[in-house]
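Novice:
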Amino acid sequence: MHKLISLAFVLLLPFTTLLAQNNNDEAKIKATSRAADEPFIGKWKLNLSKSKLADQMTIAPAGADKYTLTFAGGGETETLVADGTDQSGIGGSTISITVEAPGNWKIVRKRGGSIVLTASWKLSDDGKTLTDTFTSYQPDGSTSRIDLAYKRAEVSAGSSGILGTWETTEEKLDSAFEIEIRPYEGDGLSFINPGRQPPKNVKFDGKDYPPAGASPAAGSTTSTRRLGDHSIELTKKLKGKIAETREITVSPDLKTLTMTVHLMDQRLPNIFIFDREA
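Mapping the sequence shown onto the working numbering, position 250 (from 1) lands on 237, and the numbers just tick up by one.
(1) Three-state secondary structure (DSSP) at SER111?
(2) In angstroms, rounded to a whole number, what distance separates the CA positions of VAL189 and ALA59?
(3) Unbroken beta strand (DSSP E) runs of length 3 or more, entirely within the region 175 to 244: which are they?
(4) What ranges does the beta strand (DSSP E) occupy inside the region 74 to 113, keeping only unbroken runs of at least 3 residues that lie completely in it?
(5) Sort ARG98, SER143, ALA136 by Cα distance to LYS39 and report the nearest one.
(6) Closer than 8 Å by C-beta to ILE102: which residues in its own chain qualify, once you throw out the five before and the five after it? Chain order, please.
(7) Should the region 78 to 88 be regarded as contacting the region 112 to 121, the criterion being three or more beta carbon pairs within less than 8 Å?
(8) Flag this pair as yes or no: are the beta carbons of TRP153 and ARG139 separated by less than 8 Å?
(9) By how many angstroms is the C-alpha of GLU264 removed from the C-alpha of ARG266?
(10) Could you name the residues of the same chain whose beta carbon sits closer than 6 Å to that of ALA106, not counting the 5 residues immediately before and after it, in chain order?
(11) If the criterion is Cβ atoms closer than 8 Å, does the pair LEU255 and ALA41 meet it?
(12) Locate the beta strand (DSSP E) running through LYS138, then write down its first and last residues.
(13) Considering only DSSP beta bridges, list what SER123 is partnered with.
(14) Give me, in chain order, the residues of the same chain whose beta-carbon lies closer than 8 Å to that of LEU35; leave out the 5 immediate sequence neighbours on both sides.
(15) Can you find the residues in the same chain that come closer than 6 Å, C-beta to C-beta, to SER207, ignoring five residues on each side of it along the sequence?
(16) Given this structure, state the Cα-to-Cα distance separating ILE219 from TRP92, to the nearest angstrom.
(17) Nearest by alpha-carbon distance to THR236: which of GLY215, PRO89, ALA230 is it?
(18) In terms of residue numbering, what span does the beta strand (DSSP E) encompassing GLY173 cover?
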């Protein structure tokens, strides 16, 4: 899930934000006429009870009080000293690690000096389970929380302490998540997360587009294509290599939207189920 970048949490899609060029009345009329034939268009609410959130991360030693963090799907690593100070992170962010006690770490990520997320990692007494209390802070002042439980992955069965590779076994989200999908130019679509992020606009031309934003990851692109009338696929690449694929499908009765996210280097996919609101 690479949640320590942002709780945009897989749900804030890795779509390219394209600048609209056709804002005239003719374009609006065409968009309206498409809505009746496009199954994706509408308002959707995440069904937490049916969704499955997966995450995988690796914590490795890199020197005295120094560690390397690797999150599946990110394609990058971060190496920093665990001294509680803000240090350079991926995507133009800063990140800090504070070791509050052995097996008890606090992570803080900031952008532009503002906190965008915090995470508290706690290792069980037997060293077999790691819990994560994760809070994301949105631009509108709202917050979202996820409580996660991890187990050691088979590849690090011999590791001890908080070091090793961890995979989620349980998750609990405390807030709902909604998206709205609207027509966008020609046969494109616009994905809107009310009150949180700018619209994410996509075109189904199969071309690789760089991401929008002030500090996009170097060499990051996204392409989009239709798999059928009720299914689309997005592919995110980092420096030419596939980092993530995301398939979005609407059920035949148009009541359910399923988003399946496969991240590189992560064994299990994220599966998000949305119910139609309008």
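Don't be surprised by glycine CBs; every beta carbon is placed ideally from N, CA and C.
Specialist: Looking at the atomic coordinates:
(1) coil
(2) 24 Å
(3) 175 to 179, 187 to 189, 207 to 215, 218 to 225, 228 to 237
(4) 81 to 88, 91 to 98, 101 to 110
(5) ALA136
(6) VAL95, ARG96, TYR124
(7) no
(8) yes
(9) Only positions -12 to 265 of the chain appear in the structure, and residue 266 is not among them; the question remains open.
(10) ILE94, ASP119, PHE121
(11) yes
(12) 130 to 139
(13) LEU104, SER131
(14) LEU160, ALA163
(15) PRO198, LEU225
(16) 39 Å
(17) GLY215
(18) Note, GLY173: premise wrong, no beta strand (DSSP E); not H, not E.
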